[in-house]
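Report on the structure given below.
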DNA sequence: TATTGTTATACTCTATAACTATA
DNA sequence: TATAGTTATAGAGTATAACAATA
């Protein structure tokens, strides 16, 4: 099926500009719907990375989060103090330290996702069936654009 | 025209979850495509607010950016030192101070937007015509979701 | 007396430099 | 000798409390 016939051809630049604004606005709105203000953005990001990738070393976390190793040590320390991560020695390299999520962190992440999604789900439920179907087709495109 | 018939019905919750992840990922990717690392996020946000709303008082800026007045005073000071904003007295209320963008700030904002959009436009150009048309229809929905 | 904005001070977060342990 | 991680110290950024000026 083709949607191109239904729409005037829009240049990539105009579309990119509109998409950028819309995406940033929605992301900003989503950020305000946090489950808790107890954790900083960096701490949340580290928890998210560990959830996505499994156990990571301090160095890997620093690289993923674009932070220097000493800063990541501090973040990991704070998360460890909060009981959200644990350190364990690397199997093959005694210099490295692997960081893992605790059960408490997993449920915190689940709860956070549930609440934030719940807000968005309310908004999505307000859309028409056609609009929801359209959005469902567009989401994979957002992922493709982001992963380049 | 209807897209609902083309798609299995997806619950609002599932769609919201997918949309949330896709939007956050793209927003994160867009954030890395800054025109400069000279300004902090707070400083950029203030410039953006002034661009959108025109001259605002220090108090209004603090409320918009969810920051305490003393912090906003500091941010405005730094932007003023950089020649990006100027202070002027409020017309009716002698206590208030209105902050305006300078010409330099306006061109900086334009340049920032151009470069960031340029990156996204490259990715968008890789899409098919159908995909671009689909995206063009979806973007207004993002705005509507964000504005609630 | 209340409100707007600023100044004084303390706390948090991150970075650079120096140090320890392992490869 | 190089690498992973930590500790020590310094530089931003923001918050609370106190102050000055205006309504």
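Protein chains in written order, with the working numbering: chain A, 1160 to 1307; chain B, 1160 to 1307. Each residue gets a CB set at the ideal place from its N, CA and C atoms; glycine is no exception.
For residue i, go through chain B and note every residue whose CB falls closer than 7 Å to its CB, in chain order.
{"i": "residue 1176 (chain A)", "result": "1276"}
{"i": "residue 1125 (chain A)", "result": "For residue 1125 (chain A) there is no data in the structure shown, the boundaries of chain A being 1160 and 1307."}
{"i": "residue 1179 (chain A)", "result": "1189, 1275, 1276 and 1279"}
{"i": "residue 1206 (chain A)", "result": "By Cβ distance, chain B contributes nothing, its closest Cβ being about 14 Å from residue 1206 (chain A), past 7 Å."}
May I have the straight-line CA-CA distance separating residue i from residue j, to the nearest angstrom?
{"i": "residue 1295 (chain B)", "j": "residue 1241 (chain A)", "result": "44 Å"}
{"i": "residue 1230 (chain B)", "j": "residue 1264 (chain B)", "result": "20 Å"}
{"i": "residue 1233 (chain B)", "j": "residue 1175 (chain B)", "result": "38 Å"}
{"i": "residue 1370 (chain A)", "j": "residue 1200 (chain A)", "result": "No information on residue 1370 (chain A) is available, as it lies outside the stretch 1160 to 1307 that chain A covers here."}
{"i": "residue 1181 (chain A)", "j": "residue 1211 (chain B)", "result": "15 Å"}
{"i": "residue 1262 (chain A)", "j": "residue 1248 (chain A)", "result": "19 Å"}
{"i": "residue 1302 (chain B)", "j": "residue 1259 (chain A)", "result": "37 Å"}
{"i": "residue 1170 (chain B)", "j": "residue 1177 (chain A)", "result": "27 Å"}
{"i": "residue 1254 (chain A)", "j": "residue 1276 (chain B)", "result": "43 Å"}
{"i": "residue 1245 (chain A)", "j": "residue 1235 (chain A)", "result": "9 Å"}
{"i": "residue 1251 (chain A)", "j": "residue 1266 (chain A)", "result": "30 Å"}
{"i": "residue 1165 (chain B)", "j": "residue 1288 (chain A)", "result": "Residue placement at residue 1165 (chain B) cannot be trusted, given a pLDDT of 35 that sits under 50; the coordinates are not used to answer."}
{"i": "residue 1239 (chain B)", "j": "residue 1204 (chain B)", "result": "15 Å"}
{"i": "residue 1286 (chain B)", "j": "residue 1188 (chain A)", "result": "27 Å"}
{"i": "residue 1228 (chain A)", "j": "residue 1172 (chain B)", "result": "38 Å"}
{"i": "residue 1243 (chain A)", "j": "residue 1225 (chain B)", "result": "28 Å"}
{"i": "residue 1270 (chain B)", "j": "residue 1284 (chain B)", "result": "20 Å"}
Taking only beta-carbon atoms, is residue i less than 7 Å away from chain A?
{"i": "residue 1240 (chain B)", "result": "no"}
{"i": "residue 1279 (chain B)", "result": "yes"}
{"i": "residue 1271 (chain B)", "result": "no"}
{"i": "residue 1230 (chain B)", "result": "no"}
What does DSSP give as the partner residue(s) for residue i in the beta ladder?
{"i": "residue 1247 (chain B)", "result": "B:1257"}
{"i": "residue 1232 (chain A)", "result": "Answer is none; residue 1232 (chain A) lacks a bridge partner."}
{"i": "residue 1215 (chain B)", "result": "B:1258"}
Quick check on residue i - is its C-beta less than 7 Å from some C-beta in chain B?
{"i": "residue 1221 (chain A)", "result": "no"}
{"i": "residue 1171 (chain A)", "result": "yes"}
{"i": "residue 1210 (chain A)", "result": "no"}
{"i": "residue 1297 (chain A)", "result": "yes"}
Residue i touches chain A at which residues, Cβ-Cβ below 7 Å?
{"i": "residue 1290 (chain B)", "result": "1300"}
{"i": "residue 1260 (chain B)", "result": "Those do not exist, as residue 1260 (chain B) stays about 18 Å from chain A at its closest Cβ, beyond 7 Å."}
So which residues of chain B does residue i contact, with C-beta pairs closer than 8 Å?
{"i": "residue 1183 (chain A)", "result": "1186 and 1189"}
{"i": "residue 1293 (chain A)", "result": "1162, 1293, 1296, 1297 and 1300"}
Using 7 Å as the threshold, is the C-beta distance between residue i and residue j below it?
{"i": "residue 1305 (chain B)", "j": "residue 1184 (chain A)", "result": "yes"}
{"i": "residue 1290 (chain B)", "j": "residue 1300 (chain A)", "result": "yes"}
{"i": "residue 1279 (chain A)", "j": "residue 1179 (chain B)", "result": "yes"}
{"i": "residue 1223 (chain B)", "j": "residue 1237 (chain B)", "result": "no"}
{"i": "residue 1297 (chain B)", "j": "residue 1220 (chain A)", "result": "no"}
{"i": "residue 1282 (chain A)", "j": "residue 1216 (chain B)", "result": "no"}
{"i": "residue 1257 (chain B)", "j": "residue 1218 (chain B)", "result": "no"}
{"i": "residue 1206 (chain B)", "j": "residue 1268 (chain B)", "result": "yes"}
Applying a beta-carbon distance threshold of less than 8 Å, which residues of chain A neighbour residue i?
{"i": "residue 1267 (chain B)", "result": "Near residue 1267 (chain B) there are no residues of chain A at all, since even the closest Cβ is about 17 Å away, more than 8 Å."}
{"i": "residue 1215 (chain B)", "result": "Ordered by position in chain A, no residue passes the 8 Å Cβ test against residue 1215 (chain B), which lies about 18 Å from the chain."}
Chain B partners of residue i, CB-CB under 9 Å?
{"i": "residue 1200 (chain A)", "result": "Result: empty, since nearest Cβ-Cβ is about 10 Å, beyond 9 Å."}
{"i": "residue 1243 (chain A)", "result": "In chain order: nothing, as chain B lies at least about 20 Å away."}
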